Amino acid sequence: MFGGLAKSLFGSSNDRYVKSLKPTVAKIAAFEPEMEAMTDAQLAAQTVKFREQLDNGATLDSLLPEAFATVREAARRVLGQRHYDVQMIGGIVLHRGEIAEMRTGEGKTLVATLATYLNALPGKGVHVVTVNDYLASRDAATMGRVYNFLGLTTGTIIPNLDDAQRRAAYDADITYGTNNEFGFDYLRDNMKYERSSMVQRPFNYAIVDEVDSILIDEARTPLIISGPTDDKSELYIGVDAIVKQLTEDDYEKDEKQKSIILTEDGTERAERLLEAAGLLQGENLYDFENTQVVHHLNQALRANMMFKRDTDYIVKDGKVVIIDEFTGRMMDGRRWSEGLHQAVEAKEGVNIEPENQTMASITFQNYFRMYPKISGMTGTAATEAGEFYDIYKINVVTIPTNVPIARVDEEDEFYKNTQDKFLAIAKKIRDHAAKGQPVLVGTVSIEKSELLSEFLTQEAVPHKVLNARYHEMEAHIVAQAGRLGAVTIATNMAGRGTDIQLGGNLEFRMLDEHPDMVEGTPEYEEAATRIRAEIIEEKQKVLEAGGLFVLGTERHESRRIDNQLRGRSGRQGDPGLSRFYLSLDDDLLRIFGPDTLFAKMMRSNIEDGEAIGSKWLSKAIETAQKKVEARNYDIRKQVVEYDDVMNDQRKVIYEQRADIMDAETVGEVVADMRAETVNAIVGTACPPNSYPEQWDVAGMKQQLKDLLNLELPIDDWMTEEAIDPEIVLERVTAEADAMVEAKARELEPDTWTSVEKSILLQNLDHHWKEHLATLDALRQVVHLRAYAQKTPINEYKHEAFSLFQRMLDNIREDVTRTIAYAQFQLQAPPELPELPDFITSHFDPFTGEDNTNDWDAAARGLLQPQMPPMQIPQPEGMDLGTDPAQWEGRVNRNAPCPCGSGLKYKHCHGAVTA
């Protein structure tokens, strides 16, 4: 009570914080007359002036008012858009490393230019992170005009760029790209063999657009770089056939967790079926020999019983294509992990592609926490403010709207079943569209979109369906959703990031109606003037009809998704309407809603076709959503806890790789490894305080032969009276050092350093890859230790540390052995190997979702099966001839093809054919 009274008198803490920023906004406004009086050249010269001030000790905070005023004036001249005062508040919040929650239509993209420009002045690079490639390219092209006007460079990271193009984009003052592209480039960089081939610079500052989607929704899923393993398609097909013979009594499923387990009877039945199919070793399914079969059986169960066609995936051109849970888009080229995708392929009877082995991975939490400063913007962040602070230490600030919101948010309507609900929705849409009011309908799946489309067709309502099947036209359809009487069905807010303008969108109408016209020509301007007048006239009619009506056909698991849908209406003070329609058949109510007694009462007391509305019911829905949000937060928190363990190890490995690449010589590192190996051999064979007759001489001789390629007269040494472990250690070390020095003298010093670096890096990468696979396997089973009253995460930390120590020992031994046994021919120095085109994926270990936004050579079937061996480059100026048959083995596979096509040799004349 007293808290509410204090809030009404003094405002909330957010209100007070926003109020404290207004003096800074006034300072920015004070510079406006000065900026307006400048010529274009003088305004552009501001950047040089600011950089000189920074060199002389000024801080970004001290430059903020004048810099923001400069961007405001530049945007007005270049884009015809002047920042509002509330957008200035948003810019200050972004510069301070906080999240600006701004309503849809408030111009978040323009707000970002303020903090981006200011933080790009030191020249250390600013990353602007978007949710998809379309938005990255669009925003870089549009806002890049402002930056270029002020003398800053802009780059864009999109799929299918080569390393040189990526390096150029990262070297720009401002770089636009998706979260996946930035993350994968970081992982790829830490798999390179030369510092000069890395593309990213040290992290400085990132602004994350749609920050809730990237740092919350997608943060459940780590980024993975992987390579293929052996083909097991026959096993998938065999297990799938067995699963299809099981009945509902044979398993128990948990739709909340998307998990499924066999019952005791189901296990016995599966064992007999597997035995008959010749897939079971012995009689017990859970014997160690059947570990792989159990894994495939579990994944086949999930694929057949939990994953639905046209909801979780579609089959297109003979391939299983994943549907993104949050956006409803097709995820072309992306695959579920842990064999789940192969299990779905077996279920649908399409070609089964091989599984992949993890070579590098990172979660978004640990990736974005590497930036010294990070901020974000979105229309919906307040509900997750606690998580943003807990994980990223970022505060959420709600920015007031430029014009008060005029949208009316009506109470939810409840129906007995889906049929009644969709009948009511179709009639409601028909009535509103008939009076000219545009309607944007939000659904949760393709299946529901197409079902509603059938109802609308029966009601003779013209409409457009926007879902994963038609994502190519996504931006075009959404942009015109505000036209007179338009009815647009969108799956899970597909088209997020595209502004819905009442009356229509000039840019997209020109693209749709006059695609051949060139901007700036008289014909273009004439058509644009005519369409602009039509849009103004149409907008007035739409306003009179009540603005955009947003209709939700179901509540989403997250309140943020619902708020995003509502937020498409009521832009910049426009009138609008929103309402959600629910039924007892909805997934949220069925799985997470009130108990069965409530459901029985509802079913018995509501007549067919009857609707009820109640604040109590709305409250129950909100409670259910909070439960799901809390569960999802726990999942994300668990992902972070486990990845934090790996992250510490990842930092050690990546720092070690960087040190090796940067070092002029790595002889000391290799010598230390050799000394430790000798120490371990002698220390094990000759324990302290033991007599020579107790030593394991035979074991020591074998170890020296295996690891150091040395055959020493140790038996003769044993006859000496004063022999002790120290003497043995000194003699073995001296022999090992002499042997390596002799090898080094065979080659030029630079060549020898190159050899040592290559051996170090390849061994490091090989063992790190194996370590990741071991940690993956450990994580799959460590939860079972809870049955022994042990905390799984603590057990994981303990085991992971032991495994890491063992990995370091193995690296030390393998490097020592490789150098000891290496033989060299006097040829040109070996070249450090280039990376092949790996498969990239972004999957969720809990639900199997995959939302990689990455097309690479792997997706086009050009993946190299394994890391290529070290190659010997040809002397510069060597004549390769004109016959492609002579080029094989003489041209680096990653070098430009000698034919002049511009493609890499491996993608052109060097392509591997089946």
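By the working numbering, the letter at position 113 of the sequence shown is numbered 126, and the numbering carries on one by one without gaps.
Just so it is clear, CB atoms sit at the ideal spot from N, CA and C, and this is done for glycine as well.
Quick caveat, the model's predicted, so the values are computed rather than measured.
Taking the CB atoms as reference points, tell me whether residue 503 and residue 453 lie closer together than 9 angstroms.
yes
By DSSP, does residue 222 sit in helix, in strand, or in coil?
strand
Pairs of beta-carbons, one from the region 354–370 and one from the region 86–93, closer than 8 angstroms: are there three or more?
no
My guess is that residue 662 and residue 817 are in contact by the Cβ rule of under 8 angstroms, so how many angstroms apart are they, rounded?
5 angstroms
So what does DSSP say about residue 561, is it helix, strand or coil?
strand
Assigned secondary structure, residue 831 (DSSP; H/G/I helix, E/B strand, else coil)
helix
In or out: residue 800 buried (at least 16 other Cβ within 10 Å) or exposed?
exposed
Contiguous beta strand (DSSP E) assignments of at least 3 residues, all confined to the region 380–455
386–391, 409–411, 419–422 and 426–428
Spell out a yes or no on whether the region 95–106 and the region 120–129 are touching, meaning 3 or more CB-CB pairs, one atom from each, closer than 8 angstroms.
yes
Cβ of residue 451 within 9 angstroms of Cβ of residue 419?
no
Taking the CB atoms as reference points, tell me whether residue 594 and residue 438 lie closer together than 9 angstroms.
yes
Those runs of the alpha helix (DSSP H) which lie wholly inside the region 751–825 and span at least 4 residues:
762–794
Mark residue 110 as exposed unless 16 or more other C-beta atoms lie within 10 angstroms of its C-beta, in which case mark it buried.
buried
DSSP three-state label for residue 466, please.
helix
If distances are taken between C-alpha atoms only, which option among 443, 69, 95 and 25 comes closest to residue 48?
95
Along the chain, where does the alpha helix (DSSP H) that runs through residue 36 open and close?
35–43
Taking a contact to mean a Cβ-Cβ separation below 9 angstroms, would you say residue 832 touches residue 687 in this structure?
yes
Residue 797: buried (16+ other C-beta within 10 angstroms of its C-beta) or exposed?
exposed
Short check: CB of residue 673 to CB of residue 682, under 9 angstroms?
yes
Distance, residue 804 Cα to residue 691 Cα:
38 angstroms
Go ahead and label residue 471 buried or exposed: buried means 16 or more other beta carbons lie within 10 angstroms of its beta carbon, across all protein chains shown.
exposed
Report the rounded CA-to-CA distance for residue 336 versus residue 400, giving the unit in angstroms.
26 angstroms
For residue 680, three-class secondary structure by DSSP:
helix
Which whole-angstrom value is the C-beta distance of residue 237 and residue 411, which I expect to be below 8 angstroms?
That pair is no contact at about 35 angstroms.
Only counting the same chain, and skipping five residues up and downstream in sequence, which positions put a Cβ closer than 8 angstroms to that of residue 160?
126, 129, 130, 133, 166, 167, 186 and 187
Where DSSP assigns a beta bridge to residue 701, which residues make up the other side?
According to DSSP, which records beta bridges pairwise, residue 701 is partnered with nothing at all.
Measuring straight from C-alpha to C-alpha, what distance separates residue 314 and residue 84?
57 angstroms
Is it the case that the Cβ atoms of residue 179 and residue 170 are separated by a distance below 9 angstroms?
yes
Grouping DSSP H, G and I as helix and E and B as strand, with all else coil, what is residue 534?
coil
Report yes if the C-beta distance between residue 584 and residue 651 is below 9 angstroms; otherwise report no.
no
Kindly identify the DSSP beta-bridge partner or partners of residue 370.
240
Is residue 211 helix, strand or coil when you go by DSSP?
coil
Given that a residue counts as buried once 16 or more other Cβ atoms are within 10 Å of its Cβ, and exposed if not, what is residue 609?
Note on residue 609: pLDDT 48, under 50, position unreliable in the model; the coordinate value appears next. Flag for residue 609 reads exposed.
Output the boundary residues of the alpha helix (DSSP H) element that contains residue 933.
Since the first and last residues shown for the chain are 14 and 927, residue 933 lies out of range.
Can you give me the Cβ contacts of residue 468 inside the same chain, cut-off strictly under 8 angstroms, excluding the 5 residues immediately before and after it?
435, 436, 438 and 439
Thinking residue 407 and residue 112 are a contact (beta carbons under 8 angstroms), I'd like their distance in whole angstroms, please.
6 angstroms
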